[in-house]
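J.:
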Amino acid sequence: SVMSNGIKLQQLSTDYPEYRNDVLAVVNIGAQTLDFYRDGKLLAEYPISSAERGAGNRDGSHQTPLGMHYLRDKIGAESPSGMIFKGRIETGKIAKIESRSQHTGDDLITTRILWLSGLEPGVNMGAGVDSYRRFIYIHGTHEEGLIGQPASHGCVRMNNQDVVELFNQLPEKALVLIQE
Numbered sequence: 007s008v009m010s011n012g013i014k015l016q017q018l019s020t021d022y023p024e025y026r027n028d029v030l031a032v033v034n035i036g037a038q039t040l041d042f043y044r045d046g047k048l049l050a051e052y053p054i055s056s057a058e059r060g061a062g063n064r065d066g067s068h069q070t071p072l073g074m075h076y077l078r079d080k081i082g083a084e085s086p087s088g089m090i091f092k093g094r095i096e097t098g099k100i101a102k103i104e105s106r107s108q109h110t111g112d113d114l115i116t117t118r119i120l121w122l123s124g125l126e127p128g129v130n131m132g133a134g135v136d137s138y139r140r141f142i143y144i145h146g147t148h149e150e151g152l153i154g155q156p157a158s159h160g161c162v163r164m165n166n167q168d169v170v171e172l173f174n175q176l177p178e179k180a181l182v183l184i185q186e
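For reference, each letter of the sequence shown is one residue, going 7 to 186 in the numbering used here.
(1) Looking at C-alpha atoms only, which residue of 171, 88, 172, 150 is the closest neighbour of residue 165?
(2) What is the rounded straight-line gap between the Cα of residue 31 and the Cα of residue 91?
(3) Please confirm whether residue 32 has its beta-carbon closer than 7 Å to some beta-carbon of chain D.
(4) Between the beta-carbon of residue 89 and the beta-carbon of residue 126, is there less than 7 Å?
(5) Roughly how many angstroms separate the alpha carbons of residue 188 and residue 87, rounded to a whole number?
(6) Given that a residue counts as buried once 16 or more other Cβ atoms are within 10 Å of its Cβ, and exposed if not, what is residue 168?
(7) From residue 8 to residue 97, what distance separates their C-alpha atoms?
(8) Buried or exposed: where does residue 41 fall if 16 or more other Cβ atoms within 10 Å of its Cβ makes it buried?
(9) With DSSP as the reference, identify every bridge partner of residue 32, one or two as the case may be.
(10) So what does DSSP say about residue 172, is it helix, strand or coil?
(11) When DSSP labels each residue in this structure, what does residue 151 get in the three-state scheme?
(12) Note down, in chain order, each residue of its chain lying with its Cβ closer than 8 Å to the Cβ of residue 68, except the 5 sequence neighbours on either side.
(13) Look at the alpha carbon of residue 83 and the alpha carbon of residue 147, and state the distance between them as a whole number of angstroms.
(14) Rounded to whole angstroms, what is the Cα-Cα separation between residue 177 and residue 34?
(15) Candidates 27, 113, 22: which alpha carbon is nearest residue 103's?
(16) Can you check which of these residues, 17, 94, 139, is closest to residue 66 by C-alpha distance?
(17) According to DSSP, which residues form a beta bridge with residue 79?
(18) Since residue 142 and residue 71 should fall inside the 8 Å C-beta cutoff, what is the C-beta to C-beta distance between them, to a whole number of angstroms?
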């Protein structure tokens, strides 16, 4: 089956046989959306915030990496909504959610962490470009008012309610494509 944006599911299961091919998340940087597919059907389209500095795969760029990734680690399954993480560990503090469209000066990681690892050597995997070593996550944010526009330091931010929903549906080893 071919999805609306031209990704061929058959091709994905051929190219990445060791990864889950029943589900797929597609991050669209231009549209600031994350599309969630199950068995080739679009089940949800979530608004997101990718990097304020645009797309790019280099270490230290503070840009959102492009290309095929997989969900390597899921963190925070039991955490309450708004829980702040530091170094992927619960701080015990709940963030105050900023619903106005403004920067707070903080880049808090809240509620859930879906840690991505690149699958394309030299693009988002390996020295200088490794998404996993760059700590590229899909995560909740306290700056919900900025969702729908580029605002992050490289990660893919989601509303806290949405990231819980995605976390519950996206298993480890699921493919995550990030495209412009």
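Ideal Cβ positions, reconstructed from N, Cα and C, are used throughout, including at glycine.
T.: On the basis of the coordinates in this document:
(1) Per the Cα distances, 150.
(2) Their backbone Cα atoms lie some 23 Å apart in a straight line.
(3) Looking at the structure shown, chain D is missing, and only one protein chain is on hand.
(4) Cβ atoms of residue 89 and residue 126: not closer than 7 Å.
(5) This structure cannot settle anything about residue 188, because the visible part of the chain is limited to 7 through 186.
(6) Residue 168 comes out buried.
(7) Caution applies to residue 8, whose pLDDT of 48 falls short of 50 and renders its modelled position unreliable; the model cannot decide the point.
(8) Buried, because 16 or more other Cβ atoms sit within 10 Å of the Cβ of residue 41.
(9) In the DSSP secondary-structure assignment, residue 32 is bridged to 41, 183.
(10) Of the three classes helix, strand and coil, the one that applies to residue 172 here is helix, per DSSP.
(11) In the structure shown, residue 151 sits in a helix (DSSP, three-state: H, G or I).
(12) A distance below 8 Å between beta-carbons, with the five flanking residues on each side excluded, links residue 68 to the following residues of its chain, in chain order: 57, 58, 59, 159, 160.
(13) Residue 83 and residue 147 have their C-alpha atoms some 16 Å from each other.
(14) Each residue's Cα considered, the two are about 20 Å apart.
(15) Comparing alpha-carbon positions, the option among 27, 113, 22 lying closest to residue 103 turns out to be 113.
(16) The residue with the shortest Cα to Cα distance from residue 66 is 139.
(17) The bridge partners DSSP lists for residue 79 are 121.
(18) About 6 Å; that satisfies the 8 Å criterion.
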